[in-house]
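Residue numbers (the working numbering): 8 to 324. We put the CB at the ideal spot given by N, CA and C, even for glycine. Owing to the predicted nature of the structure, the values given are computational and were not obtained by experimental measurement.
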């Protein structure tokens, strides 16, 4: 497995060099995911540019912390610690005389604390009950601060008095909204097509959030469309739109004289109908790796120039 990955990375590196792309090795890591506990501490030796990539056991991707066994326990612990720190703010507001009514405390919780607890709930929906119960305890603590009720009061009663929906119901609601939205995009959307043809014959798929939602009959296939559908197939292209990325003849920018290249370009431009809208794009990079790009739009009655300063060291392709 390591040999195949390193060979693929070598091919990617060659492709990047040919297209003047640079990988930031300081931000590149390797991770290993498995359900085999015997391989929990396994660290693959992955190389790029003859340098070993740093192995990250619990990488964070878009704010979600992943773990090798795909249990979501590390992410849940992270959001719990973050949520408990914000409970101190709720306690401070509750201890003041000015404006610290139940409505203000509830708004503070729903705005600053609950979004933290629910981040990534569509992923950790299939986590163990023990981990999910930890999140419920944080919300229960916040509800007791809002209502001022003691710990001896039942949790359901405290949530009712605080007018807060239990987290398990909100997780089902968020999961249903998320997957129903993806499911109803249609076959032309790759994610939607994957979900429509979903099968859960494998053990991991049977315990996935989407399979859980199907088992609870939360998938609604008849929802109101809230997006614009494409009236064409992206694979077929746009009607009456033509791209001319190359010259009519084989040319070399470094060897052929500019006059010859200009003549070939004019031959293509002169064949364009006068009523058509023409769009020209180009990018450039200097010796200091400062990059820029430009767009020229020519319509029958007007024209427009757009100049863009790109990030340094970026590709112009």
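Quick check on this structure: which residue in the options has the alpha carbon closest to the alpha carbon of residue i?
{"i": "residue 96", "options": "161, 111, 82", "result": "111"}
{"i": "residue 27", "options": "301, 315, 291", "result": "291"}
{"i": "residue 257", "options": "267, 248, 249", "result": "267"}
{"i": "residue 253", "options": "269, 246, 207", "result": "269"}
{"i": "residue 43", "options": "31, 13, 22, 76", "result": "76"}
{"i": "residue 281", "options": "255, 306, 86", "result": "306"}
Name the DSSP beta bridge partners of residue i, please?
{"i": "residue 305", "result": "285, 310"}
{"i": "residue 315", "result": "300"}
{"i": "residue 380", "result": "Within the shown structure, residues of the chain are numbered from 8 to 324, placing residue 380 beyond reach of any answer."}
{"i": "residue 329", "result": "One cannot answer for residue 329 here, as it falls past the ends of the chain, which runs 8 to 324."}
{"i": "residue 37", "result": "62"}
{"i": "residue 67", "result": "72"}
Helix or strand or just coil, what does DSSP make of residue i?
{"i": "residue 72", "result": "strand"}
{"i": "residue 3", "result": "Only positions 8 to 324 of the chain appear in the structure, and residue 3 is not among them; the question remains open."}
{"i": "residue 256", "result": "coil"}
{"i": "residue 159", "result": "coil"}
{"i": "residue 225", "result": "coil"}
{"i": "residue 22", "result": "helix"}
{"i": "residue 208", "result": "coil"}
{"i": "residue 216", "result": "helix"}
Taking the straight line between their C-alpha atoms, what separation do you get for residue i and residue j?
{"i": "residue 147", "j": "residue 170", "result": "12 Å"}
{"i": "residue 20", "j": "residue 41", "result": "27 Å"}
{"i": "residue 64", "j": "residue 10", "result": "20 Å"}
{"i": "residue 62", "j": "residue 249", "result": "46 Å"}
{"i": "residue 218", "j": "residue 175", "result": "17 Å"}
{"i": "residue 23", "j": "residue 29", "result": "7 Å"}
{"i": "residue 93", "j": "residue 164", "result": "23 Å"}
{"i": "residue 39", "j": "residue 79", "result": "15 Å"}
{"i": "residue 167", "j": "residue 206", "result": "39 Å"}
Any heavy atom of the ligand NAD closer than 7 Å to the Cβ of residue i?
{"i": "residue 166", "result": "By its list of ligands, the structure shown contains no ligand whatsoever, and the ligand NAD lies outside what it can speak to."}
**Message:** Could you check whether the stretch 112-121 touches the stretch 56-63, counting it as contact only if at least three pairs of C-beta atoms, one from each stretch, sit closer than 8 Å?
**Reply:** no
**the stretch 202-214 contacting the stretch 152-162, beta-carbon criterion three pairs below 8 Å** = no
**Message:** Does the contact criterion of 3 or more C-beta pairs under 8 Å hold for the stretch 118-133 versus the stretch 69-76?
**Reply:** yes
**Message:** Would you call the stretch 220-229 in contact with the stretch 192-201, where contact means no fewer than 3 C-beta pairs closer than 8 Å?
**Reply:** no
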